[in-house]
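Numbering-wise, the working numbering comes out as the position in the sequence shown, counting from 1, plus 207.
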Amino acid sequence: MVRKFMRYPGGLGKAVTLSYDDGVQQDIQMIALMKKYGVKGTFNLNSARFITRDHVYPEGKVWRAMIDEDVVPTYSDPICSIATHSAHHPTLTNASEAEIAHELLSDRITLENLFGKVINGHAIPNGPYDEKTIKVVKMCGLKYMRTGKSTHSYEYPKSLIPLHATCSHADPRLPELTERFLADTPKEDPFLFYLWGHTYTFEERNNWYIIEDFMRAVSGKADVWYATNDEIFDYAEKYDQLECSADGHIVTNPTDIEIWFKVGSRIVSVKSGETIRV
Ligand SMILES: [Zn+2]
Numbered sequence: 208m209v210r211k212f213m214r215y216p217g218g219l220g221k222a223v224t225l226s227y228d229d230g231v232q233q234d235i236q237m238i239a240l241m242k243k244y245g246v247k248g249t250f251n252l253n254s255a256r257f258i259t260r261d262h263v264y265p266e267g268k269v270w271r272a273m274i275d276e277d278v279v280p281t282y283s284d285p286i287c288s289i290a291t292h293s294a295h296h297p298t299l300t301n302a303s304e305a306e307i308a309h310e311l312l313s314d315r316i317t318l319e320n321l322f323g324k325v326i327n328g329h330a331i332p333n334g335p336y337d338e339k340t341i342k343v344v345k346m347c348g349l350k351y352m353r354t355g356k357s358t359h360s361y362e363y364p365k366s367l368i369p370l371h372a373t374c375s376h377a378d379p380r381l382p383e384l385t386e387r388f389l390a391d392t393p394k395e396d397p398f399l400f401y402l403w404g405h406t407y408t409f410e411e412r413n414n415w416y417i418i419e420d421f422m423r424a425v426s427g428k429a430d431v432w433y434a435t436n437d438e439i440f441d442y443a444e445k446y447d448q449l450e451c452s453a454d455g456h457i458v459t460n461p462t463d464i465e466i467w468f469k470v471g472s473r474i475v476s477v478k479s480g481e482t483i484r485v
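In structure tokens form, the structure reads like this:
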């Protein structure tokens, strides 16, 4: 038997990704910061909550949904990907299976038609979920389901449904975890620093510096892959498709991309359609 551990494209052992909810107007400023620092992420949208340009919010209202005409231009930027967050943002544990399916599928179908691409991630609205939620998320063909739970770990997640984040940007442990992540080296499974939150809270608490400090700290590192949620989980799905001989020494890559992994102290790759010995 040969022990192999996934490595990201280029043989990298660490990845950083963001996950931001609700599709609010402050996402525009967030995307500008992501582009400045080269940090990628995924925005989880409620397609039934977008507003028209003439909508007027009460004075001082911080939570402001994205204007419908701005949705596609904003989130089509390659620095981000899109996932579902339910159409209307209900608490799913109060809903029947049919109601959950309606919320998830109507959001998914609307977003897929808007963006013209397959969307298969989800972030739980309001936080609570149960076995019924998990069942329906899987039935709706969604591949990952982010919760509001923090692991305070950057080990690669053992499960994608449910998928727990490293932490939220409001977590007081963020600076300490970021520092440890940057200094640490993965020995077996790769690292994934998964940060989540809502961008409207930066305006509400006047603390955009929290996310800018984070992005500045993690950006430009030669050993880190900056990727959207979908890029990471799609890559991992293809890694899992590698075919190995019974003794593990022969590896075939049936996928359409080059796949990297660690064997002993070596980092090796197997190109699309190639068979190698390790
Ligand atoms: Zn939300």
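Even for Gly, the Cβ is constructed at its ideal location relative to N, Cα and C.
Compare the C-beta of residue i against all C-beta atoms of chain C and say whether one is closer than 8 Å.
i: T300; result: Note that chain C does not occur in the displayed structure, where there is just one protein chain.
Helix or strand or just coil, what does DSSP make of residue i?
i: M273; result: coil
i: I326; result: coil
i: F440; result: helix
i: V458; result: strand
i: S313; result: helix
i: R423; result: helix
i: V477; result: strand
i: N414; result: coil
i: I466; result: strand
i: V263; result: coil
i: N251; result: strand
i: E362; result: strand
i: E304; result: helix
i: E319; result: helix
Tell me which same chain residues have a C-beta within less than 7 Å of the C-beta of residue i, skipping the five on either side of it?
i: G404; result: Y227, S375, H376, A377
i: G323; result: none
i: A290; result: T249, N251, I326, G328, H329, A330, N436
i: V279; result: L321, F322
i: Y244; result: M422, R423, S426
i: E419; result: L240
i: E276; result: R260
i: I286; result: I238, M241, K242, K247
i: V431; result: L219, K221, A222, V223, V425
i: I235; result: T281
i: A434; result: A222, T224, K247
i: K445; result: T462, I464, I466
Might you give, ordered along the chain, the residues of its own chain that have their beta carbon closer than 8 Å to the beta carbon of residue i, omitting 5 neighbours on each side?
i: M208; result: D454, G455
i: F398; result: G220, K221, A222, Y361, E362, Y363, F388, D391
i: S283; result: F322
i: L312; result: C347
Could you pull the start and end residues of the beta strand (DSSP E) that residue i belongs to?
i: A222; result: 221–228
i: R484; result: 482–484
i: M213; result: 211–214
i: M352; result: 351–357
i: T291; result: 287–291
i: A372; result: 370–372
i: F400; result: 398–404
i: V431; result: 431–433
Would you call residue i buried or exposed, if buried means 16 or more other Cβ atoms sit within 10 Å of its Cβ?
i: I464; result: exposed
i: I483; result: exposed
i: V325; result: exposed
i: Y416; result: exposed
i: K394; result: exposed
i: V425; result: buried
i: R256; result: buried
i: S357; result: buried
i: Q233; result: buried
i: M346; result: exposed
i: D229; result: buried
i: K469; result: buried
i: D314; result: buried
i: A332; result: Checking the displayed sequence, the identity of residue 332 turns out to be Pro instead of Ala. That one is buried.
i: V231; result: buried
With residue i as the anchor, note down where its alpha helix (DSSP H) starts and where it stops.
i: I235; result: 234–244
i: M346; result: 338–346
i: L384; result: 381–390
Are there any heavy atoms of ligand 3 lying less than 7 Å away from the beta-carbon of residue i, as far as the coordinates show?
i: R210; result: Ligand 3 is not among the ligands present in this structure, which contains only ligand 1.
Considering only residues of the same chain and omitting the five flanking positions on each side of residue i, which have a CB-CB separation below 6 Å?
i: G334; result: G355
i: R353; result: S226, A330, L370
query = If you measure from each residue's Cβ to the nearest non-hydrogen atom of ligand 1, which ones come out under 6 Å, in chain order?
reply = D228, D229, H292, H296, P332
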